[in-house]
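In this text, residue positions in the sequence shown follow our numbering: the first is 4, and each later residue adds one.
Quick reminder that beta carbons are idealized off the backbone N, C-alpha and C, glycines included.
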Amino acid sequence: MQSPSTESTKHGAAAADAAPPQRADWTIDQGWEHYSAAEHAVWKTLFERQTRLLPGRACDEFVHGMQALPIGADQIPDFRRLSDVLMKTTGWQVVAVPGLVPDEVFFEHLAHRRFPSGQFIRRPEELDYLEEPDVFHDVFGHVPMLMNPVIADFIQAYGEGGLKAQRLGKLHQLARVYWYTVEFGLLQQHGGLRIYGAGIASSYAESLFAIDDPSPNRIGFDLERVMRTLYRIDDFQESYFVIRDLEELLELARIDFAPIYQRLERLPEIQPGQLLPGDALISRGTGRHAGSARAR
Ligand code: HBI
Ligand code: FE
Numbered sequence: 004m005q006s007p008s009t010e011s012t013k014h015g016a017a018a019a020d021a022a023p024p025q026r027a028d029w030t031i032d033q034g035w036e037h038y039s040a041a042e043h044a045v046w047k048t049l050f051e052r053q054t055r056l057l058p059g060r061a062c063d064e065f066v067h068g069m070q071a072l073p074i075g076a077d078q079i080p081d082f083r084r085l086s087d088v089l090m091k092t093t094g095w096q097v098v099a100v101p102g103l104v105p106d107e108v109f110f111e112h113l114a115h116r117r118f119p120s121g122q123f124i125r126r127p128e129e130l131d132y133l134e135e136p137d138v139f140h141d142v143f144g145h146v147p148m149l150m151n152p153v154i155a156d157f158i159q160a161y162g163e164g165g166l167k168a169q170r171l172g173k174l175h176q177l178a179r180v181y182w183y184t185v186e187f188g189l190l191q192q193h194g195g196l197r198i199y200g201a202g203i204a205s206s207y208a209e210s211l212f213a214i215d216d217p218s219p220n221r222i223g224f225d226l227e228r229v230m231r232t233l234y235r236i237d238d239f240q241e242s243y244f245v246i247r248d249l250e251e252l253l254e255l256a257r258i259d260f261a262p263i264y265q266r267l268e269r270l271p272e273i274q275p276g277q278l279l280p281g282d283a284l285i286s287r288g289t290g291r292h293a294g295s296a297r298a299r
């Protein structure tokens, strides 16, 4: 049994709730000219707050990607200009979507090196929490990492693998790999832990929590262990998985998952905060945050 607060859909809302799309691939025009001054101001607030936090917390690859892109404080970035730079560097593009899109639409885009980014920006009263991925999460969190050739290939491979996993009925297991890497991954760098996951990098509170708080477990990444681990969609993660370096993901992109799905059929799922005897523990969490959240 899975608790209702773990992994219903990834960002917590269902794409099926949205209005039907005009284009079959769910893309829309970004309409960059039509963002209001108030929307650019929300971007600026988020950008400045996050930019202060990330030195010493985000990995070097994230910082380098951000520096090389036309992303700044004053305006919501223009996807055409982002795509020009990305295309030359790793062959990716950014396309606008209304919000969450159905899984197979999402995977089709990724498999073709198109990153679907939410067109809208959160309202000023929801700076810290929203269910659907907006332009700040997608562009600030994901796009800098797409400048890195390893991440660029890994996310394309996830798109291809997602289509296969859907056919095999194993998407929930593959989605956990994406969740604990691309969204909530940490890596070892300069003798400490650094953020490379977009869900952390685009969240003020979770950037502090994932790096500085004693509550969560930090565990060396192990593919099959991760594929069995439920995740939280409504709160900070109880466990973060740590890779040695981004190259570790390159190996994952080459793996045939079909035999792994089969093997995992006989093994139980693991709760978000649970530790196993074989875990490569980097730090054992106190569990304080999850405990106090449950008490509420
Ligand atoms: N749609 N726009 C958008 N962004 C996502 O991250 C996303 C999505 N649809 C499905 C999805 N993610 C996930 O549920 C899959 O990765 C499993
Ligand atoms: Fe995301």
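Throw me the rounded Cβ distance for the residue i and residue j pair, which I believe falls under 8 Å.
i: G162; j: H112; result: 7 Å
i: R125; j: F109; result: Incorrect: roughly 20 Å between the Cβ atoms, too far for contact.
i: V100; j: S120; result: 7 Å
i: L189; j: A213; result: 6 Å
i: V180; j: L255; result: 7 Å
i: A261; j: L171; result: 7 Å
i: P127; j: V45; result: 6 Å
i: V97; j: F123; result: Between F123 and V97 the Cβ distance is about 14 Å, and since that is not below 8 Å, they are no contact.
i: L233; j: P275; result: 5 Å
i: R231; j: I273; result: 5 Å
i: A155; j: W95; result: 6 Å
i: I222; j: S210; result: In fact, because the Cβ distance is near 19 Å, the residues do not count as touching under 8 Å.
i: A201; j: M148; result: 7 Å
Following the continuous beta strand (DSSP E) through residue i, name the residue where it begins and the one where it ends.
i: R221; result: N220 to G223
i: Y243; result: S242 to I246
i: S286; result: L284 to S286
Could you give the residue range of the alpha helix (DSSP H) that holds residue i?
i: G294; result: R291 to A298
i: D215; result: Y207 to D215
i: P306; result: Since the first residue shown for the chain is 4 and the last is 299, residue 306 is missing from the structure and cannot be characterised.
i: V229; result: L226 to M230
i: E254; result: E250 to A256
What residue ranges within the stretch 150 to 202 form continuous beta strand (DSSP E) runs of no fewer than 3 residues, ordered along the chain? 189 to 192 and 195 to 198
Validate contact between the stretch 240 to 259 and the stretch 286 to 298 using beta carbons, cut 8 Å, 3 pairs: yes
Would you say the stretch 165 to 175 touches the stretch 127 to 144, given that touching needs at least three Cβ pairs under 8 Å? no
As an exercise, report each continuous beta strand (DSSP E) stretch of at least 3 residues that is fully enclosed by the stretch 31 to 119, in chain order. 96 to 100
Okay, do the stretch 63 to 77 and the stretch 24 to 32 touch, 3+ Cβ pairs below 8 Å being the bar? no
Does the stretch 141 to 158 come into contact with the stretch 215 to 229, if we say contact requires no fewer than three beta-carbon pairs (one atom in each stretch) closer than 8 Å? no
Can we say the stretch 188 to 204 touches the stretch 48 to 65, given the rule of at least three CB pairs closer than 8 Å? yes
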